[in-house]
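Peer 1: Going by the numbering used here, the letters in the sequence shown line up with residues 4 to 438, in that order. Glycine residues also receive a C-beta, built at the ideal position from the N, C-alpha and C atoms.
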Amino acid sequence: MNYFKQIYYEMRHQKMMTWVSIGGTALAIFLVMIFIMADRIKVVEVSPESNRSRILQAWGMNVKFDESNWSTKGMDYPTVKRLYSDLEGIEEVSYMLDSYRDHRGVSLKGGEVMSMYGKTVDGNYWKLYDFNFIAGRPFNEAESAADMKVVVIVESAARKLFGEVDVVGREMEIGGVSYKIIGVAEDVNPILSDSYSSLYIPFNPATYVNSDSFINNKEYLGAITARLLMAPGVKAEDIKSQVKERFTKLQGEMTKKNIELIYHEQPYTVEEVALDNFGTNKSPDLTHARRVDLLVYCILILLPAINLSSMTRSRLRHRVAEIGVRRAFGAKRNAIIRQILGENFIITIIGGIIGLVLSLLFMSLLFDMFFAIGGWFGPTWKEQATARPELGMLFTWSNFLWAFIFCFILNTLSASLPAWKASKVEVAQAISKVY
4 MNYFKQIYYE MRHQKMMTWV SIGGTALAIF LVMIFIMADR IKVVEVSPES NRSRILQAWG
64 MNVKFDESNW STKGMDYPTV KRLYSDLEGI EEVSYMLDSY RDHRGVSLKG GEVMSMYGKT
124 VDGNYWKLYD FNFIAGRPFN EAESAADMKV VVIVESAARK LFGEVDVVGR EMEIGGVSYK
184 IIGVAEDVNP ILSDSYSSLY IPFNPATYVN SDSFINNKEY LGAITARLLM APGVKAEDIK
244 SQVKERFTKL QGEMTKKNIE LIYHEQPYTV EEVALDNFGT NKSPDLTHAR RVDLLVYCIL
304 ILLPAINLSS MTRSRLRHRV AEIGVRRAFG AKRNAIIRQI LGENFIITII GGIIGLVLSL
364 LFMSLLFDMF FAIGGWFGPT WKEQATARPE LGMLFTWSNF LWAFIFCFIL NTLSASLPAW
424 KASKVEVAQA ISKVY
């Protein structure tokens, strides 16, 4: 209670210094939390990607035919199955087409054609991602294996086409081909790129024929990618080591055909995918990325800490006589240090809460402007470039914990030295205000 009384006293008698300290803390926490949220939003587990930490992504291959170097985001079915099926520690494997910016012409029969983003996936896809269905159901493995002309659409697509969501059993055309709607799911935030789509179309990877004639003439290449769901407790490194052994065997066979296969540490974790600075011809470097993040956080914390330390020392100059009187009546130096640190910590917490709230507002309201410039996500289609995160993606317990940790660090760095110096002052000097 004494801490709060002292802070209230300082707010009344040292308004400028106190509020500048709170404002400086708020700015520091605001900047740090912006960076943390920008990083965490790419790996946070939120529906329908609630299994992000357990999902591995296999994209494609980096191969050399003769003197040509080809890197494809996708493989043919025999290759992707050979590399990623029946791995120990994997619960489910889903195959999907590389649908990067894959917009489809969609319409009702004889109606106006609209452009909608679509994913082509197999029946196992729904076992990896927990979509919320408003009506109907997802297609199953048998339907995708039979290449049945059924489709799952999201709520916004249903309203755009039919003006309502109760559309299960009705027909629509995709690329001029008639499909029956069997399910309507809730919309997915475009930030969740691995699950976001307006349409989900089934396919059989075993019988799929690539429309690109050049790729069809190149063995191993294709457009099929894979998603692997690890069993609880399984480490990504264990899966990678199994896949590396398979790559090594495949490399040996390809060498005999004068084809070189380069392994780039696939399959990738969601954290590796979030780096967004590599592809099938470059390996992710998590260590470097983490070092850069740590450097940025240190700079954002240390610079305000230096300024706040000076402000704390200035505030304490006005309390030298008080400290001297307390020392004269037997107060120990440790007690004075604890008192000053405690008071400063409360001020830091107040500033930290303000900074956290401001960072949440900033990311909620200005996220699309911040990233559309070409930020971490590198938005490449309109839906993603204008997407904004939901509050549940931003306000997580881990983000709250990080904010508290940085408040504690900032308080320790900015108040420790001034508190120690204040406790060391001689009683006579303190009472005479020579400090």
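Give a yes or no on whether the C-beta atoms belonging to alanine 148 and asparagine 65 are separated by under 9 Å.
Peer 2: Taking the sequence shown and counting its residues from 1, the one referred to as residue 148 is at position 145. Taking the sequence shown and counting its residues from 1, the one referred to as residue 65 is at position 62. It is not a contact, given that the beta carbons lie outside the stated cut-off.
Peer 1: For threonine 82, which of helix, strand or coil comes out of DSSP?
Peer 2: Counted from its first residue, the sequence shown places residue 82 at position 79. Three-state result, threonine 82: helix.
Peer 1: Can you tell me whether asparagine 65 is helix, strand or coil according to DSSP?
Peer 2: As a first step, residue 65 must be located in the sequence shown, where it is residue number 62. Of the three classes helix, strand and coil, the one that applies to asparagine 65 here is strand, per DSSP.
Peer 1: Compute the Euclidean distance between the alpha carbons of leucine 368 and threonine 228, then round it to the nearest angstrom.
Peer 2: Counting from 1 along the sequence shown, the entry for residue 368 is found at position 365. Counting from 1 along the sequence shown, the entry for residue 228 is found at position 225. Rounded to the nearest angstrom, the two C-alpha atoms are 34 Å apart.
Peer 1: Measuring CA to CA, which of Glu393, Phe407, Met366, Gly395 is closest to isoleucine 37?
Peer 2: Start at 1 with the first residue of the sequence shown, and residue 37 comes out as number 34. Among Glu393, Phe407, Met366, Gly395, the Cα nearest to that of isoleucine 37 is on Met366.
Peer 1: Strictly by DSSP, which residues pair up with methionine 188?
Peer 2: Position 185 of the sequence shown holds residue 188. First, the amino acid is wrong: residue 188 is alanine here, not methionine. Bridge partners of alanine 188: Phe136, Val157.
Peer 1: For glutamate 275, does the three-state DSSP call read helix, strand or coil?
Peer 2: Numbered from 1 along the sequence shown, position 272 holds the residue referred to as residue 275. It is helical.
Peer 1: What residues are listed by DSSP as bridge partners for proline 205?
Peer 2: Locating residue 205 in the sequence shown gives position 202, counting from the first residue. DSSP output for proline 205 lists Val124 as bridge partner(s).
Peer 1: By the 10 Å Cβ neighbour count, where 16 or more other Cβ atoms means buried, how is methionine 19 classified, buried or exposed?
Peer 2: For this step, residue 19 is matched to residue 16 along the sequence shown. That one is exposed.
Peer 1: Buried or exposed for asparagine 261, please, with buried defined as at least 16 other CB atoms from any protein chain shown within 10 angstroms of its CB.
Peer 2: Indexing the sequence shown from 1 puts residue 261 at position 258. It counts as exposed.
Peer 1: For the beta strand (DSSP E) holding threonine 228, just list the boundary residues, first then last.
Peer 2: Walking along the sequence shown from the start, residue 228 turns up at place 225. That run of the beta strand (DSSP E) goes 227-233.
Peer 1: Below 8 Å on the Cβ atoms is my guess for lysine 183 versus lysine 152; work out the distance and round it to an integer in Å.
Peer 2: Along the sequence shown, one-based indexing puts residue 183 at 180. Along the sequence shown, one-based indexing puts residue 152 at 149. Right, their Cβ atoms sit about 6 Å apart.
Peer 1: Can you tell me which of Glu274, Val273, Leu413, Glu222 puts its alpha carbon nearest to the alpha carbon of isoleucine 349?
Peer 2: Taking the sequence shown and counting its residues from 1, one reaches residue 349 at position 346. Comparing Cα positions, the closest option is Leu413.
Peer 1: Name the DSSP beta bridge partners of leucine 90, please?
Peer 2: On the sequence shown, residue 90 is found 87 positions in, with the first residue counted as 1. Leucine 90 is not bridged to any residue.
Peer 1: According to DSSP, leucine 224 sits in a beta bridge with which residue or residues?
Peer 2: Taking the sequence shown and counting its residues from 1, the one referred to as residue 224 is at position 221. Answer is Met78.
Peer 1: Does the region 22-37 come close enough to the region 303-313 that 3 or more CB-CB pairs lie under 8 Å?
Peer 2: They touch, by the three-pair rule.
Peer 1: I'd like to know whether the C-beta atoms of leucine 86 and tyrosine 271 end up nearer to each other than 9 Å.
Peer 2: The residue given as residue 86 occupies position 83 in the sequence shown. The residue given as residue 271 occupies position 268 in the sequence shown. Taking 9 Å as the Cβ cut-off, leucine 86 and tyrosine 271 do not qualify as a contacting pair.
Peer 1: Taking a contact to mean a Cβ-Cβ separation below 9 Å, would you say serine 211 touches valine 124 in this structure?
Peer 2: For the purposes of this step, residue 211 is taken as the residue at position 208 of the sequence shown. For the purposes of this step, residue 124 is taken as the residue at position 121 of the sequence shown. At residue 211 the sequence reads tyrosine, which differs from the serine that was named. Going by C-beta atoms, tyrosine 211 is not nearer than 9 Å to valine 124.
Peer 1: What does DSSP give as the partner residues of methionine 368 in its beta bridges?
Peer 2: The residue given as residue 368 occupies position 365 in the sequence shown. The sequence given here has leucine at residue 368, not methionine. According to DSSP, leucine 368 bridges with nothing at all.
Peer 1: Could you give the distance in angstroms between the alpha-carbon of tyrosine 223 and the alpha-carbon of methionine 78?
Peer 2: Walking along the sequence shown from the start, residue 223 turns up at place 220. Walking along the sequence shown from the start, residue 78 turns up at place 75. Their Cα atoms are separated by approximately 6 Å.
Peer 1: Do valine 155 and glycine 186 have their C-beta atoms within less than 9 Å of each other?
Peer 2: As a working note, residue 155 is residue 152 in the sequence shown. As a working note, residue 186 is residue 183 in the sequence shown. The answer is yes: Cβ separation under 9 Å.
Peer 1: Suppose contacts are defined by Cβ-Cβ distances below 9 Å. Is methionine 233 in contact with glutamate 48 by that definition?
Peer 2: Numbered from 1 along the sequence shown, position 230 holds the residue referred to as residue 233. Numbered from 1 along the sequence shown, position 45 holds the residue referred to as residue 48. Their beta carbons are not under 9 Å apart, which means methionine 233 does not touch glutamate 48 by this criterion.
Peer 1: According to the Cβ coordinates, are alanine 138 and valine 168 closer than 9 Å?
Peer 2: Indexing the sequence shown from 1 puts residue 138 at position 135. Indexing the sequence shown from 1 puts residue 168 at position 165. Taking 9 Å as the Cβ cut-off, alanine 138 and valine 168 qualify as a contacting pair.
Peer 1: Would you mind reading off the limits of the beta strand (DSSP E) that contains valine 109?
Peer 2: In the sequence shown, the residue the question calls residue 109 occupies position 106. Valine 109 -> beta strand (DSSP E) spans 106-110.
Peer 1: Rounded to whole angstroms, what's the CA-CA distance from threonine 399 to threonine 258? Just pull it up for me.
Peer 2: As a position in the sequence shown, residue 399 is number 396, starting the count at 1. As a position in the sequence shown, residue 258 is number 255, starting the count at 1. Going by the C-alpha atoms only, they are around 49 Å apart.
Peer 1: Starting from glutamate 144, follow the alpha helix (DSSP H) in both directions and report where the run begins and ends.
Peer 2: Position 141 of the sequence shown, counting from 1, holds the residue named residue 144. Its alpha helix (DSSP H) spans residues 144-148.
Peer 1: May I have the straight-line CA-CA distance separating methionine 396 from isoleucine 44, to the nearest angstrom?
Peer 2: Within the sequence shown, the letter at position 393 stands for residue 396. Within the sequence shown, the letter at position 41 stands for residue 44. Spanning the two alpha carbons is a distance of roughly 6 Å.
Peer 1: Applying the criterion that 16 or more other CB atoms from any shown protein chain within 10 Å of the CB defines a buried residue, is alanine 61 buried or exposed?
Peer 2: Stepping through the sequence shown from its first residue, residue 61 is reached at position 58. With 16 or more other Cβ atoms within 10 Å, it is buried.
Peer 1: Below 8 Å on the Cβ atoms is my guess for isoleucine 265 versus leucine 90; work out the distance and round it to an integer in Å.
Peer 2: Counted from its first residue, the sequence shown places residue 265 at position 262. Counted from its first residue, the sequence shown places residue 90 at position 87. With a Cβ gap of about 21 Å, isoleucine 265 and leucine 90 do not count as contacting.
Peer 1: Rounded to the nearest angstrom, what separates valine 237 and serine 56 at their Cα positions?
Peer 2: As a first step, residue 237 must be located in the sequence shown, where it is residue number 234. As a first step, residue 56 must be located in the sequence shown, where it is residue number 53. When rounded, the distance between both Cα atoms is 11 Å.
Peer 1: So, valine 96 versus asparagine 127, is the Cβ gap smaller than 9 Å?
Peer 2: Within the sequence shown, residue 96 is the residue found at index 93, counting from 1. Within the sequence shown, residue 127 is the residue found at index 124, counting from 1. Result yes, Cβ atoms of valine 96 and asparagine 127 sit closer than 9 Å.
Peer 1: For the beta strand (DSSP E) containing leucine 253, name the first residue and the last one.
Peer 2: Residue mapping note: residue 253 aligns to position 250 of the sequence shown, counting from 1. Looking at the DSSP string, leucine 253 is not in any beta strand (DSSP E); the run it does join, the alpha helix (DSSP H), is 239-258.
Peer 1: Once the 5 residues before and after valine 23 are set aside, which same chain residues still bring their CB inside 7 Å of it?
Peer 2: For the purposes of this step, residue 23 is identified with residue 20 of the sequence shown, where counting begins at 1. Taken in chain order, the residues that qualify are Met314.
Peer 1: Which one or two residues does DSSP pair with tyrosine 182 in a beta bridge?
Peer 2: For the purposes of this step, residue 182 is taken as residue 179 along the sequence shown, with counting starting at 1. According to DSSP, tyrosine 182 bridges with Met175.
Peer 1: So for tryptophan 423, helix, strand or coil by DSSP?
Peer 2: Position 420 of the sequence shown, counted from the start, is the residue given in the question as residue 423. Tryptophan 423: helix per DSSP, three-state reduction.
Peer 1: Please classify valine 299: does DSSP put it in a helix, a strand, or coil?
Peer 2: For the purposes of this step, residue 299 is taken as residue 296 along the sequence shown, with counting starting at 1. Three-state DSSP puts valine 299 in a helix.
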